[in-house]
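Let me begin by presenting the structure, written as structure tokens, before commenting on it.
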Amino acid sequence: MSLIEAEKANGEEFVSFAEWLDGRYLRYLSTNSGSDEIAFQSWKNFKEAFAPELVGQAVEETSRSLGRPVKSCIDPFGGSGTTALACQFLGVAPTTIEVNPYLADLIEAKLYSYDVSSLIDDFKQVAESQESFIGDRPFGSAPSTFVEPGQKGKYIFNHSIAEELASLKTRIDAVKNDSSRRLFRVLLGSIALPVSNVVISGKGRRYRRGWQERHFQVGEVNKLFAGAVIKAIYEIRRYAGRRYRGYNILRGDARKLTPEKGPYDLAVFSPPYPNSFDYTDVYNIELWICGYLNSGLDNKSLRLSTLRSHVQIAQTFTYHELPSSPELDEVVRELRDLRSSLWNRNIPEMVGAYFADMYMLLQRLHKSVVPGGRIYMVVGDSRYAGVTIPVASILSDIAIICGFSAIAEEPFRSMRASPQQGGKKELLETLVTLQRD
1 MSLIEAEKAN
11 GEEFVSFAEW
21 LDGRYLRYLS
31 TNSGSDEIAF
41 QSWKNFKEAF
51 APELVGQAVE
61 ETSRSLGRPV
71 KSCIDPFGGS
81 GTTALACQFL
91 GVAPTTIEVN
101 PYLADLIEAK
111 LYSYDVSSLI
121 DDFKQVAESQ
131 ESFIGDRPFG
141 SAPSTFVEPG
151 QKGKYIFNHS
161 IAEELASLKT
171 RIDAVKNDSS
181 RRLFRVLLGS
191 IALPVSNVVI
201 SGKGRRYRRG
211 WQERHFQVGE
221 VNKLFAGAVI
231 KAIYEIRRYA
241 GRRYRGYNIL
251 RGDARKLTPE
261 KGPYDLAVFS
271 PPYPNSFDYT
281 DVYNIELWIC
291 GYLNSGLDNK
301 SLRLSTLRSH
311 VQIAQTFTYH
321 ELPSSPELDE
331 VVRELRDLRS
341 SLWNRNIPEM
351 VGAYFADMYM
361 LLQRLHKSVV
371 PGGRIYMVVG
381 DSRYAGVTIP
391 VASILSDIAI
401 ICGFSAIAEE
411 PFRSMRASPQ
421 QGGKKELLET
431 LVTLQRD
């Protein structure tokens, strides 16, 4: 019986991987189209680099490589928890690392085994509570553009909506059960963007068209929150019987927290791409709404704990510890020659620093992945001033220096180049498969 079939052990029937995916069939493992229809994945809209089916494929291929079933898997860039959640349904012990505290809580909310009766009681407490926000300006520590009147007539939340979100947070904070409080906080974050005046896209945050005419009623906030909680409770109850119910979440910088001791049979992940896109900014609204950020210093500290893949915050871009890579050296040289044409003069050094960070990560994984174990890594190219950065090729070279064998580089999909990267020509995303020698 394969890992994807239903199993019984000690008389207990498990929900299979295929049942969780609702029997869907994907032509491409790269697409996240339809992922929001899978249980747990609609809790927060997240642009995944790969579908859960890739994790299933990686487990099966690595099991064949090892000559035994995969027992453990690590994901240094947890995101919304696709790798870890898929591993639970596949019967594999997951370890995941996530620097963004909102996403770390989102992952744990999906992986945790709840007492559903207690969860319902805690939701009832929140729904019936009359507690409300007290003060002049909700989320007063957030930037001035966060709440009406904002700055120069622009603001992310109407004052009445922000007050209701703050009141909901007050009620959630009063819940004593840690797991219930975490779930409700995550779902509060998930409903914040729909009642805001902005949208998030691959180009960052922008105001909705005609946002000044959008008038949400306060009751809409509570309606959206209740709907999100009810759906989550249904999915928690329906898919409680996973083959592996444990998990290990490490919260913080993957460069420091990726274990140097395992043993791990497998790693499946997608690191940030060196595209100068500040990934922490995508979830800035949720971070403030849910109370993960309480000052500008908190925000800066979080951004400095991420991979050096962007130039939006002043930091050191040295990379002396990186072994020489002819392909990378050529790319950095070309970018330096074009420095005056770049929208930020630090881009050449940022690119080098990105690969130094990935070298550090791959070194750690080489120490913790078992011989014969594999790494499945989805990466994306970038382009600046017409210079393409072949990320997959450079990382494969670096991985070989670390002691891995490069098994394959497979085109995963193509993505549009953002305007700041110099045009609309599509950039490659690639699945890099490595094996620990």
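If you count the sequence shown from 1, position 284 lands on 284 in the UniProt record's numbering, and the numbers rise without skipping.
Heads up, the beta-carbon is just placed ideally off N, CA and C, and yes, glycines get one too.
Predicted model, so just to flag it, every value in this text is computed and none were measured.
Quiz item: What number of angstroms, rounded off, separates the C-alpha of residue 376 from the C-alpha of residue 411?
Solution: By one-based count along the sequence shown, residue 376 stands at place 376. By one-based count along the sequence shown, residue 411 stands at place 411. Roughly 13 Å separates the two Cα atoms.
Exercise. Tell me, to the nearest whole angstrom, how far the beta carbon of residue 44 is from that of residue 106; I am working on the premise that it is less than 8 Å.
Key: Residue 44 sits at position 44 when you count from the first residue of the sequence shown. Residue 106 sits at position 106 when you count from the first residue of the sequence shown. Indeed, because the Cβ distance is near 6 Å, the residues count as touching under 8 Å.
Quiz prompt | Every unbroken beta strand (DSSP E) within the region 163-233, with a cutoff of 3 residues, ordered by chain | solution = Given a length threshold of 3 residues, each whole run of the beta strand (DSSP E) inside the region 163-233 is given here in chain order: 198-201, 204-207.
Quiz item: Does DSSP put residue 134 in a helix, in a strand, or in coil?
Solution: If you number the sequence shown from 1, residue 134 lands on position 134. Residue 134 falls in the coil class under three-state DSSP.
Quiz item: So what does residue 154 bridge to, in DSSP terms?
Solution: In the sequence shown, residue 154 corresponds to position 154, counting from 1. In DSSP, residue 154 forms a bridge with 151.
Practice problem: Would you kindly work out how many angstroms separate the C-alpha atoms of residue 374 and residue 216, rounded to a whole number? | Solution: Indexing the sequence shown from 1 puts residue 374 at position 374. Indexing the sequence shown from 1 puts residue 216 at position 216. Straight-line Cα distance between these residues: approximately 49 Å.
Quiz item: Between the C-alpha atoms of residue 212 and residue 154, what's the straight-line distance to the nearest angstrom?
Solution: Locating residue 212 in the sequence shown gives position 212, where the first residue counts as 1. Locating residue 154 in the sequence shown gives position 154, where the first residue counts as 1. So the alpha carbons of these two residues sit roughly 9 Å apart.
Exercise. Tell me, to the nearest whole angstrom, how far the beta carbon of residue 171 is from that of residue 141; I am working on the premise that it is less than 8 Å.
Key: On the sequence shown, position 171 is the one that residue 171 refers to. On the sequence shown, position 141 is the one that residue 141 refers to. Their Cβ separation, rounded to whole angstroms, is 20 Å, which puts residue 171 and residue 141 out of contact at 8 Å.
Self-check item: Exposure of residue 174, with buried meaning 16 or more beta-carbon neighbours within 10 Å
Solution: Reading the sequence shown from its first residue, position 174 is the one you call residue 174. Residue environment analysis places residue 174 among the exposed positions, since fewer than 16 neighbouring C-beta atoms fall within 10 angstroms of its C-beta.
Quiz item: When you compare only the Cα positions, how much space is there between residue 135 and residue 176?
Solution: Walking along the sequence shown from the start, residue 135 turns up at place 135. Walking along the sequence shown from the start, residue 176 turns up at place 176. Taking the straight line from one Cα to the other gives about 24 Å.
Quiz item: Beta carbon of residue 386, beta carbon of residue 13: below 8 Å?
Solution: Reading the sequence shown from its first residue, position 386 is the one you call residue 386. Reading the sequence shown from its first residue, position 13 is the one you call residue 13. Contact: no.
Self-check item: Euclidean distance between Cα positions of residue 279 and residue 269
Solution: Within the sequence shown, the letter at position 279 stands for residue 279. Within the sequence shown, the letter at position 269 stands for residue 269. When rounded, the distance between both Cα atoms is 16 Å.
Quiz item: Is there at least one non-hydrogen atom of the ligand NAP closer than 7 Å to the beta-carbon of residue 379?
Solution: By its list of ligands, the structure shown contains no ligand whatsoever, and the ligand NAP lies outside what it can speak to.
Quiz item: When you compare only the Cα positions, how much space is there between residue 138 and residue 399?
Solution: Working through the sequence shown from its first residue, we reach residue 138 at position 138. Working through the sequence shown from its first residue, we reach residue 399 at position 399. One C-alpha to the other measures close to 48 Å.
Exercise. Assuming residue 395 and residue 350 form a contact by the criterion Cβ under 8 Å, report the distance between their Cβ atoms to the nearest whole angstrom.
Key: Along the sequence shown, one-based indexing puts residue 395 at 395. Along the sequence shown, one-based indexing puts residue 350 at 350. Wrong, their Cβ atoms sit about 16 Å apart, outside the cutoff.
Quiz item: Would you report the Cα separation of residue 149 and residue 156, rounded to the nearest angstrom?
Solution: Here the question's residue 149 lines up with position 149 in the sequence shown. Here the question's residue 156 lines up with position 156 in the sequence shown. Roughly 10 Å separates the two Cα atoms.
Quiz item: Span of the beta strand (DSSP E) holding residue 250?
Solution: Here residue 250 corresponds to residue number 250 of the sequence shown, with the count starting at 1. Counting along the chain, the unbroken beta strand (DSSP E) around residue 250 starts and ends at 248-251.
Quiz item: How do the region 187-203 and the region 283-298 stand: do at least 3 beta-carbon pairs fall below 8 Å, yes or no?
Solution: Yes, they touch.
Quiz item: Going straight from the alpha carbon of residue 247 to that of residue 193, what length do you get?
Solution: Translated into positions along the sequence shown, residue 247 becomes position 247. Translated into positions along the sequence shown, residue 193 becomes position 193. Each residue's alpha carbon lies about 29 Å from the other.
Quiz item: Where do the ends of the beta strand (DSSP E) carrying residue 290 lie?
Solution: The count along the sequence shown starts at 1 and reaches residue 290 at position 290. Segment: none, residue 290 is in no beta strand (DSSP E) and carries neither H nor E.
Practice problem: Determine the contact status of residue 352 and residue 305, defining contact as a CB-CB distance below 8 Å. | Solution: For the purposes of this step, residue 352 is taken as the residue at position 352 of the sequence shown. For the purposes of this step, residue 305 is taken as the residue at position 305 of the sequence shown. Against a cut-off of 8 Å, the Cβ pair of residue 305 and residue 352 comes out as no contact.
Practice problem: Can you tell me the Cβ-Cβ gap for residue 81 and residue 110, rounded? I've got them flagged as a contact below 8 Å. | Solution: Numbered from 1 along the sequence shown, position 81 holds the residue referred to as residue 81. Numbered from 1 along the sequence shown, position 110 holds the residue referred to as residue 110. Right, the Cβ-Cβ distance comes to about 5 Å (below 8 Å), so this counts as a contact.
Quiz item: Are there three or more Cβ pairs, one per stretch, closer than 8 Å when the region 362-373 is compared with the region 255-273?
Solution: In short, these stretches touch, since the Cβ pair count reaches three.
Quiz item: Taking DSSP as the reference, what is the three-state secondary structure of residue 145?
Solution: As a working note, residue 145 is residue 145 in the sequence shown. Coil at residue 145, not helix or strand.
Exercise. Starting from residue 336, trace the alpha helix (DSSP H) both ways and give me its first and last residue.
Key: Position 336 of the sequence shown, counted from the start, is the residue given in the question as residue 336. Unbroken alpha helix (DSSP H) run through residue 336: 326-337.
Quiz item: Which whole-angstrom value describes the C-beta separation of residue 46 and residue 79, a residue pair presumed to lie in contact below a C-beta threshold of 8 Å?
Solution: One-based indexing of the sequence shown puts residue 46 at position 46. One-based indexing of the sequence shown puts residue 79 at position 79. Yes, they are in contact, since the Cβ atoms of residue 46 and residue 79 sit about 6 Å apart, within 8 Å.
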